[in-house]
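Numbering (the numbering used here), first residue to last: 68 to 249.
Heads up, the beta-carbon is just placed ideally off N, CA and C, and yes, glycines get one too.
Predicted model only: the values in this text are computed from it and were never measured.
Structure (structure tokens):
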């Protein structure tokens, strides 16, 4: 296990909603890949405790989605707060990737970055300021190559770790069928 500035940090989080001013982080997953998208390491998924007042304020979509996945129950049972979750993720990243070398990788990562900047600023600062956002390629493929866009299948489990693995697979698909590097 050695730091490598070419490693990519993939992040996904589940939140109680989309507004960092009122919503909170409830689940965090991180996967490290090589620059060729081969898995290198996977951090333990962290479920972040939030009080019932935060969970009760979720809209129906979030209550339904996170209720079906069992995440709400895991959040209530978790004893890990935001500061502890941030420290654990930083300790993991320090083993694999030097600070400020990897873009934040994933789908719609600008949303994740907003929440990290608000609630876990040291974690957010570990990333390079750039993003590797798979959703950009998704939007381009939808408009320019619909047959490539339609070739991506997702389970839609809405758990942080499964979403990361789907994002990595989606980028591989776009690399092979849209970008055509070989």
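For residue i, does the three-state DSSP call read helix, strand or coil?
i	result
residue 106	strand
residue 81	strand
residue 156	helix
residue 200	strand
residue 148	coil
residue 94	strand
residue 137	coil
residue 114	strand
Have a look at the options and flag the residue whose alpha-carbon is nearest the alpha-carbon of residue i.
i	options	result
residue 132	190, 176, 83	83
residue 228	86, 85, 106, 122	106
residue 221	211, 212, 205	205
residue 85	238, 177, 143	177
residue 36	75, 79, 115, 104	No information on residue 36 is available, as it lies outside the stretch 68 to 249 that the chain covers here.
residue 182	87, 73, 75, 69	87
residue 244	224, 212, 234	212
Short check: CB of residue i to CB of residue j, under 7 angstroms?
i	j	result
residue 109	residue 94	no
residue 198	residue 156	no
residue 187	residue 153	yes
residue 231	residue 71	no
Answer with buried or exposed for residue i, where buried requires no fewer than 16 other C-beta atoms within 10 angstroms of its C-beta.
i	result
residue 173	buried
residue 120	exposed
residue 77	buried
residue 250	The structure shown does not extend to residue 250, since the chain spans only 68 to 249, so no value can be given for it.
residue 203	exposed
residue 101	exposed
residue 237	buried
Say the cut is 6 angstroms; is the CB of residue i nearer than that to a heavy atom of the ligand HEM?
i	result
residue 109	This structure lacks the ligand HEM; in fact it carries no ligand of any kind.
Please confirm whether residue i has its beta-carbon closer than 7 angstroms to some beta-carbon of chain C.
i	result
residue 235	Within the model displayed, chain C is absent; a lone protein chain is all it includes.
Can we say the stretch 181-194 touches the stretch 157-169, given the rule of at least three CB pairs closer than 8 angstroms?
-> yes
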